[in-house]
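So the structure is just underneath, and the comments pick up after that.
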Ligand code: SAM
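Numbering (the numbering used here), first residue to last: 0 to 284.
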């Protein structure tokens with residue numbers, strides 16, 4: 000079944016009375032070339048377990064299942080379950096979980112499927128309304144090492160942004176702290192049904208062996224990032240004072256000790272500078 004053809008998607012839609020849900024970010028891929036690029040970017044081997052976020056009608060799932068040992072596909076929309084039962088009928092190595100990915104204990108599910116302790120590669124054409132929470136969950140709450148995902152171009156640009164750029168923000172620092180980022184493909188909005196408003200990008204995130212910067216306390220590091228970008232127009236001296244337990248005098252001292260001018264703004268700071276400041280804050284709290 001050629002799920003990447005518009006006519007097939009329309010036939011399935013009619014057969015099952017399926018309506019696309021805008022609220023669930025349902026924009027289905029109808030381009031074999033892009034699907035191939037996502038699959039190739041994931042580098043799936045015959046012993047691999049793959050976790051797919053949002054299989055939709057199964058267009059990526061079927062290709063992944065042909066290469067992987069096992070595919071776990073997490074889909075929140077119940078009305079897609081009978082469709083997936085048909086489109087993936089020949090794939091015995093796929094387990095569909097009808098759950099909200101944000102509520103799932105991902106490491107537990109992976110451990111179940113890999114007889115404990117195993118790894119899984121994450122793949123997905125993400126529902127765009129929760130792109131950032133999904134990425135943050137994968138990075139902070141799981142041990143997943145490889146994530147190949149499609150997202151709106153604007154988010155991908157922010158993730159890759161360097162210090163000094165207007166779009167450099169908390170998500171750039173967070174992803175670059177945990178991962179190496181590689182662009183796999185640019186994807187025009189014309190290859191989806193229904194067509195979204197914006198273009199997309201496929202990124203591959205590979206967890207670093209060691210974080211992008213060594214810090215004394217990860218919680219304080221991210222508190223500095225959050226405070227700095229929470230009020231990005233303010234100087235660091237002003238924005239960092241919002242961290243609980245600090246004061247203007249203390250932040251002044253921390254910035255001086257870290258060798259960072261108090262009048263700078265968060266969007267100019269490298270990971271290393273955030274690291275140095277957070278270490279000084281940690282020592283004084
Ligand atoms: N993989 C399919 C494709 O490429 O054609 C569908 C991609 S579509 C952009 C996103 C999918 O994620 C939809 O099937 C949608 O129902 C599902 N989804 C939305 N929110 C979800 C959630 N919280 N947890 C799991 N799946 C979700």
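Glycine residues also receive a C-beta, built at the ideal position from the N, C-alpha and C atoms.
Would you mind working out which of the options sits nearest residue i, comparing C-alpha positions?
i: residue 55; options: 276, 123 and 209; result: 123
i: residue 8; options: 269, 265 and 193; result: 193
i: residue 162; options: 227, 106, 108 and 94; result: 227
i: residue 200; options: 31, 17, 36 and 6; result: 36
i: residue 3; options: 13, 26 and 14; result: 26
Please confirm whether any heavy atom of the ligand SAM lies closer than 6 Å to the CB of residue i.
i: residue 25; result: yes
i: residue 200; result: no
i: residue 97; result: no
i: residue 54; result: yes
i: residue 76; result: yes
i: residue 224; result: no
i: residue 187; result: no
i: residue 18; result: no
i: residue 134; result: no
i: residue 58; result: yes
i: residue 22; result: no
i: residue 100; result: yes
i: residue 126; result: yes
i: residue 8; result: no
i: residue 50; result: no
Are any of the Cβ atoms in chain D nearer than 7 Å to that of residue i?
i: residue 168; result: You won't find chain D in this structure, because it holds only one protein chain.
Run through the DSSP bridge pairs and tell me what residue i is partnered with.
i: residue 178; result: 206
i: residue 145; result: 120 and 205
i: residue 185; result: 200
i: residue 151; result: 199
i: residue 28; result: 191
At which residues does the alpha helix (DSSP H) containing residue i begin and terminate?
i: residue 12; result: 5-15
i: residue 58; result: 58-66
i: residue 231; result: Residue 231 -> no alpha helix (DSSP H), and no H or E assigned at all.
i: residue 283; result: 270-283
i: residue 250; result: 247-257
i: residue 109; result: 105-112
i: residue 100; result: Where residue 100 is concerned, there is no enclosing alpha helix (DSSP H), given that its DSSP letter is neither H nor E.
Start and end of the beta strand (DSSP E) containing residue i?
i: residue 130; result: Residue 130 -> not in any beta strand (DSSP E); alpha helix (DSSP H) instead, spanning 130-140.
i: residue 71; result: 69-73
i: residue 52; result: 48-52
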